[in-house]
Amino acid sequence: QQQQQQQQQQQYMTVKRFLLEKLLELLQEYPTETYSVHFADDRKEVREWIEQMVHVLHSKKNTTTTVTTTKVNSLLQQAIESETMFYDPHILKLLKKKKKKKMKKMKNRTTFPRMNKNS
Numbered sequence: 143q144q145q146q147q148q149q150q151q152q153q154y155m156t157v158k159r160f161l162l163e164k165l166l167e168l169l170q171e172y173p174t175e176t177y178s179v180h181f182a183d184d185r186k187e188v189r190e191w192i193e194q195m196v197h198v199l200h201s202k203k204n205t206t207t208t209v210t211t212t213k214v215n216s217l218l219q220q221a222i223e224s225e226t227m228f229y230d231p232h233i234l235k236l237l238k239k240k241k242k243k244k245m246k247k248m249k250n251r252t253t254f255p256r257m258n259k260n261s
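Residue 197 in the working numbering sits at position 55 of the sequence shown, and the numbers go up by one each step.
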């Protein structure tokens with residue numbers, strides 16, 4: 143069971159990286175596109191990440207390819223590790239509720255019944 147979950151997680155991360163690399167290609171090809179107008183306020187994390195990536199890719203301040211590559215890789219890793227960035231806000235709310243429910247259930251399992259003093 144645990145091994146299967148690890149394999150699924152690995153596949154998920156691989157697919158996520160692939161899609162992010164495709165997005166990166168688009169950002170390189172179309173740097174002047176106004177991406178921020180396509181994202182509502184509830185998608186702020188994605189919008190800011192894209193703006194940062196476009197800035198890094200096309201900044202004149204990056205003196206070497208190594209500096210650019212390091213910054214790009216850092217931003218890619220940030221996006222890959224994010225558990226919230228690419229989810230619809232409605233889905234995030236559902237996931238939070240589910241997580242709270244699960245935590246509550248776990249908490250109830252770990253509490254022991256109190257002994258009655260009169261027993």
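Idealized CB from N, CA, C, for every residue including glycine.
Just so it is clear, the structure is predicted and the values come from calculations on it, not from any experiment.
Could you please give the first and the last residue of the uninterrupted alpha helix (DSSP H) stretch that includes residue i?
| i | result |
| --- | --- |
| Val198 | 186-200 |
| Met227 | Element bounds for Met227: n/a, residue is neither H nor E. |
| Lys164 | 144-171 |
Assuming contact is defined by CB atoms lying nearer than 8 angstroms, are residue i and residue j in contact in what I supplied?
| i | j | result |
| --- | --- | --- |
| Leu199 | Gln170 | yes |
| Pro173 | Val196 | yes |
Out of the options, which one is the CA nearest neighbour of residue i?
| i | options | result |
| --- | --- | --- |
| Arg159 | Phe228, Lys249, Lys235 | Phe228 |
| Gln219 | Gln150, Ser201, Lys240, Leu166 | Leu166 |
Does the pairing of the region 223-240 with the region 184-193 give three or more beta-carbon distances under 8 angstroms? yes
Notebook entry, point to check: Does the pairing of the region 242-252 with the region 177-184 give three or more beta-carbon distances under 8 angstroms?
Noted result: no
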